[in-house]
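J.:
2 protein chains.
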Amino acid sequence: MSTLILHQTHHTLSDFDGISNYLLENLKGDGLHLFPELFLTGYPLQDLCLQRAFIDSYQDHFKKIDQWLKSLPTTNKWRALVPGLHYELEENLLPQKIENVVFEAVPGLGLRKIYTKRLLPNYDIFDEQKYFTPGSGNCFYDFQGSLLAVHICEDMWASSFHQMDPCELMFGEMNEKNLSVKMLINLSASPFDDRKKKKRFERAKSISLKFKCPFLYLNRVGGEDEILFDGSSFIVSGDNVALAMKSFEKEIQSVQIEKLAGRYEHEPIFLEENTWEGLFSPRLDQTKRPAELETWTEEECADILKALQFGLQEYAVKSGFKKFLVALSGGLDSALVLAIVKLSLRPGQDVEAVYMPSIHSAILSTQLCEEMCARLKIPLRHLPIKFLHSTVKNTFTQTFPDKFDGLVDENVQSRLRGTLLYTRSNQTGAMVINTSNKSELAVGYSTQYGDSVGALSLLGDLYKTEVYLLARYINTKFHEPIPLGIIKRGPSAELRQNQLDQDSLPPYSRLDPMLEGILSYRYGKHELLGLGFDEEEIMKTLNLYLKSEYKRAQFCPILKIKAKSFGFGYRIPISKNLNYHLS
Amino acid sequence: MSTLILHQTHHTLSDFDGISNYLLENLKGDGLHLFPELFLTGYPLQDLCLQRAFIDSYQDHFKKIDQWLKSLPTTNKWRALVPGLHYELEENLLPQKIENVVFEAVPGLGLRKIYTKRLLPNYDIFDEQKYFTPGSGNCFYDFQGSLLAVHICEDMWASSFHQMDPCELMFGEMNEKNLSVKMLINLSASPFDDRKKKKRFERAKSISLKFKCPFLYLNRVGGEDEILFDGSSFIVSGDNVALAMKSFEKEIQSVQIEKLAGRYEHEPIFLEENTWEGLFSPRLDQTKRPAELETWTEEECADILKALQFGLQEYAVKSGFKKFLVALSGGLDSALVLAIVKLSLRPGQDVEAVYMPSIHSAILSTQLCEEMCARLKIPLRHLPIKFLHSTVKNTFTQTFPDKFDGLVDENVQSRLRGTLLYTRSNQTGAMVINTSNKSELAVGYSTQYGDSVGALSLLGDLYKTEVYLLARYINTKFHEPIPLGIIKRGPSAELRQNQLDQDSLPPYSRLDPMLEGILSYRYGKHELLGLGFDEEEIMKTLNLYLKSEYKRAQFCPILKIKAKSFGFGYRIPISKNLNYHLS
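Taken in order, these protein sequences are the chains called A and B. Residue 1 is where the first sequence starts when you use our numbering, and the numbers rise one by one after that. Residue 584 is where the second sequence starts when you use our numbering, and the numbers rise one by one after that.
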């Protein structure tokens, strides 16, 4: 019997000590140890992989592991497939070539490069062609008489853009040389999104059916600023799920190759072509008129909540925060943020809420904030801004002849709140959690340096309708932390009397699907008209979206839970002529 | 005689009407009209080139020009080389392939693709491999019996990383087929930096000597958020500069091919290898101990001032701003910003300064602000924050048991100023100009949402020592707009009594060269020690740099005047283990 040990690992980027210690402690016994993509460094590294200190430390780290392996007796029966970086340096120590590879670790012999990733993703958040050189061969690895086909992450997909289909190339060589492969192994560092689990699984199943052998998918766990890696490793053999590992938790599992036999009777169906749409997985039901946002299932809500909790903790722990701070307004966004933070707390951590009413804040807002904090046993601090607000107003009316009303008067309230919130954060060392949602971000319905402040955004990838969905899910599953009054009242910024979001924006039931069309399909006016939206609402939405690019450019990192999000993978110039979109 | 007409153009990104009208008005006479890289769309487009509305509008625009050309009599003697995008769309109208190409425009015939860019830059701010597919052939174009070799921008360089040298490939084909080329034409969209003009010219001269024919370099003019295109087109034939066009201004020039004969006796010297260091042009004199920042010549100061003035106007005009707003502190950074803005004003524009003293502001600061604004005839508004500051302090001490001192007390002053500044901006519609410099940004010596606010940063790519250089240059050339008292006083944030930058930071004479080593050479502790810096100061600098990534992530666009700048081309994860850099 040949054993495979799957290490679904969780390490901080460039934590070389932690990574090498893990290897030294865990490589033992009999079997083939498997690790996720770029296990030796973490992923994504971006420019880190070009820094001298990084390269030096990595080389030392690599040598340390290599020498430890060489010092072991060759009688050890285990082997390991350890993904990492392979550098070729010039004489001046600058990188001439960097490859994303798999090393074989052999006791008594050391580390040996056996495969270089062929398909380097280069869309959206991925920039691998900026740093890495692709490989040109397949990898068939013999372990105790079993032939295993090995590749890395994106290699399981196909790119029509790069005219590259690594599985097809592998399949071709297998047929040509009449190789009998026992298993296909994919070592991944693949970010979470709300549809990725299903997408990966369907693709793996199809490949398993085509290759007529089990497909092993091993993914890392980690939160790198906005990008979340969920693990969720699995083995599928034909129609049979042989192993399903945890999401967002490290885990070790062993399986025996011989016990994974499946049935490969069905024809493989390659549902997902790797087109731009396939990549961005839009959630728009285009059969409806007007088109509608597809809703999340209960299982998807659970996954998304888990992703947000995980991402929050990853950022907090790596940045050294033990306290959290949320500005509560009496509205749903801040209430949901506070509920998620509370549900995420670990021992030794705590959260504080601050309520900063202005002259326009309803009494109901105060009551709802108090009710929520009482339910969750969270301290609520009252910091009224009325007096500060009127002081600023007086100073301005005494100094300038210009009017102090409308947006001037509204934004100053929001910015004073930002100032007070960060003053409190400076006082306690708490991490300020942003409360904006994706709909607001898309149309610029927020005040720069005001309600848009924060170290990290939890809801910046959720449309307002999805904020409702997740709030209801949490209320159902966790004893109603959010008072129903908050969910039921109409959304308002409360920056002037009787203000409602709907005075300035199309209703979210139509705004959100329009935004999904614009962002995930890159639709314009023409396509949105075709989906049954109203021309006036389309133009209003496009106008607001196009003119708020400058606000998004200064926004904090957003936990990425969709295939297409604002943030690192969203690259739109601020300055441009808008006619092409509006005329 | 065969005439070349060089159009050093200046259009807004995606201004299809402006671009096609320019062609319709200017294509006439006898001769070959030349246009810069991606003339038909503008550059860089980033994700715009994937948007449906962009693709549709571009296709319409292209058809309009093509049909206009077809409608012209074939007796017209002119031709044109018009760079643009070439799309191959799938059935569902998604782009299957996008190329960065040159079209030949022929009266009576229309537009015809004759060349696809071979070397797609993909480092730093460049992401062309994300969007474009490279070409595989050379372009030799026959115009009235003269054979012209044509390529695009980066093709004049060589990439060891991609093992691609387009000039060498061109040269090879010329020799193989025994072609006699009259001129090499490079159509560019190449960003400005403080050394780029010289670097381009030296490379072009070497190529001219090697090919033994003139080298024509045509570049666009434009400011796209942070990225500035300077034009500065030229023709060099051997040792002879045959044409030098303006910087940062549109211009049309005609030359006759036959009059450009040069002498090609010298051997070409290819000084600049396209290594990572070549790309980032660091300004560090490593022969000194400790190493020193190389200084700017007077000519370079003039170029940089021009670049900053141009970039400011580009952003303002495209965003619709006619007023500017600067927070003056009595220190040098804000004084230099105000001077540059004043020197950049066009008819119909104006600038206002706001002075917001706190209890820690020296009387000297007030006097210097008043003196400066009097000299420049700029209205200075006094908005003291003392009362607001004490109001916040009182509220906090009444609400919380925690101390209100140190950073808490310092940051609140800065954030209250940010709030007042933006309140005034909301009142007048003025564009807030940020006053941070590159040294501050690199070590996080600023308050998030406080002095770091702004729509655009003028000085974010200048180290503090360069701020002094440019201030002295401006004072010499423009009747001393900045009072000497401002230049001579020690830098201070004035957020506590007797505060000086040097209390928290190494002296700028050592901090700045260390930062240049870290940023442009990607040096770590080991290399900085080798350059003669003090270990304690190195560790302090590295610590501050590594821990302030989160502040830079939310900073405004910075006018890019160096090869390596913070902003779009600087890609470092916030969350990581810092040991690799600090141990």
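Glycine residues also receive a C-beta, built at the ideal position from the N, C-alpha and C atoms. In this text the structure is predicted, and so the values were computed from the model without any measurement.
Please report whether the beta-carbon of Tyr706 (chain B) lies at a distance below 8 Å from any beta-carbon of chain A.
T.: Along the second sequence, one-based indexing puts residue 706 (chain B) at 123. True, the Cβ-Cβ gap to chain A drops below 8 Å.
J.: When we look at the beta-carbon of Lys560 (chain A) and count the other beta-carbons within 10 Å, is it buried (16 or more) or exposed?
T.: Taking the first residue of the first sequence as 1, we reach residue 560 (chain A) at position 560. Buried, since its Cβ has 16 or more Cβ neighbours within 10 Å.
J.: Straight-line CA distance for Phe686 (chain B) to Leu1125 (chain B)?
T.: Along the second sequence, read from residue 1 onward, the residue named residue 686 (chain B) stands at position 103. Along the second sequence, read from residue 1 onward, the residue named residue 1125 (chain B) stands at position 542. Cα to Cα, Phe686 (chain B) sits roughly 49 Å from Leu1125 (chain B).
J.: Could you name the residues of chain A that Gln679 (chain B) contacts, counting a contact when the two beta carbons are closer than 8 Å?
T.: Counted from its first residue, the second sequence places residue 679 (chain B) at position 96. What Gln679 (chain B) touches in chain A: Ser160, Phe161.
J.: Would you mind reading off the limits of the beta strand (DSSP E) that contains His1164 (chain B)?
T.: Residue 1164 (chain B) sits at position 581 when you count from the first residue of the second sequence. Element bounds for His1164 (chain B): not the beta strand (DSSP E) but the alpha helix (DSSP H), 1162-1165.
J.: Three Cβ pairs or more, each shorter than 8 Å: is that satisfied between the stretch 927-938 of chain B and the stretch 974-994 of chain B?
T.: Touching, no.
J.: By the criterion of Cβ-Cβ separation under 8 Å, what are the contact partners of His1109 (chain B) in chain A?
T.: As a first step, residue 1109 (chain B) must be located in the second sequence, where it is residue number 526. Result: Arg52, Ala53, Asp56.
J.: Residues of chain B with CB under 8 Å from Gln46 (chain A), in chain order?
T.: Taking the first residue of the first sequence as 1, we reach residue 46 (chain A) at position 46. Going along chain B in sequence order, the residues near Gln46 (chain A) (Cβ under 8 Å) are Arg1154, Ile1155, Pro1156.
J.: So, for Lys551 (chain A): in the same chain, excluding its five sequence neighbours on each side, which residues have a beta-carbon less than 6 Å away from its beta-carbon?
T.: Looking up residue 551 (chain A) in the first sequence gives position 551. Result list for Lys551 (chain A): Gly444, Gln448, in chain order.
J.: Taking C-beta pairs closer than 8 Å, name the residues in chain A that Gln1137 (chain B) reaches, listed in chain order.
T.: In the second sequence, counting from the first residue as 1, residue 1137 (chain B) sits at position 554. The contacting residues are Gln554, Phe555, Cys556.
J.: Would you mind telling me which residues of chain A sit closer than 9 Å to Gly1001 (chain B), beta carbon to beta carbon, in chain order?
T.: In the second sequence, residue 1001 (chain B) corresponds to position 418, counting from 1. Arg415, Gly418, Thr419, Tyr449, listed in chain order.
J.: My assumption, with CB atoms under 8 Å, is that Leu652 (chain B) sits in contact with Leu694 (chain B). Please give the rounded CB distance.
T.: In the second sequence, counting from the first residue as 1, residue 652 (chain B) sits at position 69. In the second sequence, counting from the first residue as 1, residue 694 (chain B) sits at position 111. Rounded, the Cβ-Cβ distance is 6 Å, consistent with contact.
J.: Can you give the Cα-Cα distance for Thr3 (chain A) and Asn100 (chain A), rounded to whole angstroms?
T.: For the purposes of this step, residue 3 (chain A) is taken as residue 3 along the first sequence, with counting starting at 1. For the purposes of this step, residue 100 (chain A) is taken as residue 100 along the first sequence, with counting starting at 1. Cα-Cα distance, rounded: 26 Å.
J.: Taking Cβ-Cβ distances below 9 Å as the criterion, which residues of the stretch 426-439 of chain A are in contact with chain B?
T.: Answer set for the stretch 426-439 of chain A: Asn426, Gln427, Thr428.
J.: What does DSSP give as the partner residue(s) for Pro191 (chain A) in the beta ladder?
T.: In the first sequence, the residue the question calls residue 191 (chain A) occupies position 191. For Pro191 (chain A), which the question treats as bridged, DSSP gives the partners A:Phe229.
J.: Grab me the residues of Glu371 (chain A)'s own chain with a C-beta within less than 8 Å of its C-beta, minus the 5 sequence neighbours each way, in chain order.
T.: By 1-based counting over the first sequence, the position of residue 371 (chain A) is 371. Counting only Cβ-Cβ distances below 8 Å, and skipping sequence neighbours, we find Pro483, Gly485.
J.: Against chain B, does Asn116 (chain A) count as a neighbour if the rule is that its beta carbon must be under 8 Å from one of theirs?
T.: The residue you call residue 116 (chain A) lines up with position 116 of the first sequence. Contrary to the premise, residue 116 (chain A) reads as Thr rather than Asn in this sequence. Not one chain B Cβ lies under 8 Å of Thr116 (chain A).
J.: Beta-carbon separation of Leu505 (chain A) and Leu336 (chain A) under 8 Å?
T.: Position 505 of the first sequence, counted from the start, is the residue given in the question as residue 505 (chain A). Position 336 of the first sequence, counted from the start, is the residue given in the question as residue 336 (chain A). For Leu505 (chain A) and Leu336 (chain A), no; Cβs fall outside 8 Å.
J.: Using only alpha-carbon positions, find the residue among A:Leu308, A:Pro121, A:Leu50 that is nearest to Phe744 (chain B).
T.: Locating residue 744 (chain B) in the second sequence gives position 161, where the first residue counts as 1. When each option's Cα is compared against that of Phe744 (chain B), the closest is A:Leu50.
J.: Tell me which residues share the same chain as Leu951 (chain B) and place their Cβ nearer than 7 Å to its Cβ, disregarding the 5 neighbours each side in the sequence.
T.: Numbered from 1 along the second sequence, position 368 holds the residue referred to as residue 951 (chain B). Excluding residues within five positions, the ones whose Cβ falls inside 7 Å are Gly913, Pro1066, Gly1068, Ile1069.
J.: Would you list the one or two residues that DSSP bridges to Thr116 (chain A)?
T.: The residue you call residue 116 (chain A) lines up with position 116 of the first sequence. In the DSSP output, where bridge partners are listed per residue, Thr116 (chain A) has A:Val101.
J.: Beta carbons nearer than 8 Å to chain A: which residues of the stretch 1030-1058 of chain B have them?
T.: From the stretch 1030-1058 of chain B, only Gln1031, Tyr1032, Val1036, Ala1038 have a Cβ closer than 8 Å to chain A.
J.: By the 8 Å beta-carbon criterion, what residues does the stretch 506-531 of chain A contribute toward chain B?
T.: Residues passing the 8 Å Cβ filter: Tyr521, Arg522, Tyr523, Gly524, Lys525, His526, Glu527.
J.: Entirely within the stretch 1010-1048 of chain B and at least 3 residues each: give me those beta strand (DSSP E) ranges in chain order.
T.: The stretch 1010-1048 of chain B contains these whole beta strand (DSSP E) runs: 1014-1017.
J.: Taking 8 Å as the threshold (beta carbon to beta carbon), is Glu834 (chain B) in contact with chain A?
T.: Position 251 of the second sequence, counted from the first residue, corresponds to residue 834 (chain B). No, its Cβ sits nowhere closer than 8 Å to a Cβ of chain A.
J.: What are the boundary residues of the beta strand (DSSP E) that includes His943 (chain B)?
T.: Along the second sequence, read from residue 1 onward, the residue named residue 943 (chain B) stands at position 360. That residue, His943 (chain B), is in no beta strand (DSSP E); it is neither H nor E in DSSP.
J.: Should Phe248 (chain A) be labelled buried (16 or more other beta-carbon atoms within 10 Å of its own) or exposed?
T.: Reading the first sequence from its first residue, position 248 is the one you call residue 248 (chain A). By the 10 Å Cβ count, Phe248 (chain A) comes out buried.
J.: Could you check whether the Cβ of Tyr1005 (chain B) sits closer than 8 Å to any Cβ belonging to chain A?
T.: For the purposes of this step, residue 1005 (chain B) is taken as residue 422 along the second sequence, with counting starting at 1. Yes, Tyr1005 (chain B) lies at the interface with chain A (some Cβ there is under 8 Å from its Cβ).
J.: Could you tell me the boundaries of the beta strand (DSSP E) in which Ala572 (chain B) lies?
T.: What the structure shows of chain B is the stretch from 584 to 1166, and residue 572 (chain B) is not part of that stretch, so it cannot be assessed.
J.: Beta-carbon within less than 7 Å of Gly348 (chain A)'s beta-carbon, same chain only, minus the 5 sequence neighbours each way: which residues are those?
T.: In the first sequence, residue 348 (chain A) corresponds to position 348, counting from 1. These residues qualify, in order along the chain: Lys322.
J.: Whose CA, out of B:Glu807, B:Gln1137, B:Leu672, lies closest to the CA of Gly1037 (chain B)?
T.: One-based indexing of the second sequence puts residue 1037 (chain B) at position 454. Selected option, being the one with the closest Cα: B:Gln1137.
J.: For a quick check, are the C-beta atoms of His1062 (chain B) and Gly1107 (chain B) less than 8 Å apart?
T.: On the second sequence, position 479 is the one that residue 1062 (chain B) refers to. On the second sequence, position 524 is the one that residue 1107 (chain B) refers to. No, the Cβ-Cβ distance between His1062 (chain B) and Gly1107 (chain B) is not below 8 Å.
J.: Can you say whether Leu676 (chain B) is buried or exposed, counting buried as having 16 or more other CB atoms within 10 angstroms of its CB?
T.: As a first step, residue 676 (chain B) is located in the second sequence; it is residue number 93 there, counting from the start. Exposed, because fewer than 16 other Cβ atoms sit within 10 Å of the Cβ of Leu676 (chain B).
J.: Tell me the start and end of each unbroken alpha helix (DSSP H) in the stretch 273-324 of chain A that is at least 4 residues and wholly inside, in chain order.
T.: For the stretch 273-324 of chain A, whole alpha helix (DSSP H) runs of length 4 or above, ordered along the chain, are 276-280, 298-319.
J.: Does any residue of chain A bring its CB to less than 8 Å from the CB of Phe599 (chain B)?
T.: Counting from one through the second sequence, the residue named residue 599 (chain B) turns up at place 16. Chain A contact via Cβ: present.
J.: Which first and last residues belong to the alpha helix (DSSP H) in which Tyr724 (chain B) is found?
T.: The residue you call residue 724 (chain B) lines up with position 141 of the second sequence. Counting along the chain, Tyr724 (chain B) falls outside any alpha helix (DSSP H), though it belongs to the beta strand (DSSP E) covering 723-726.
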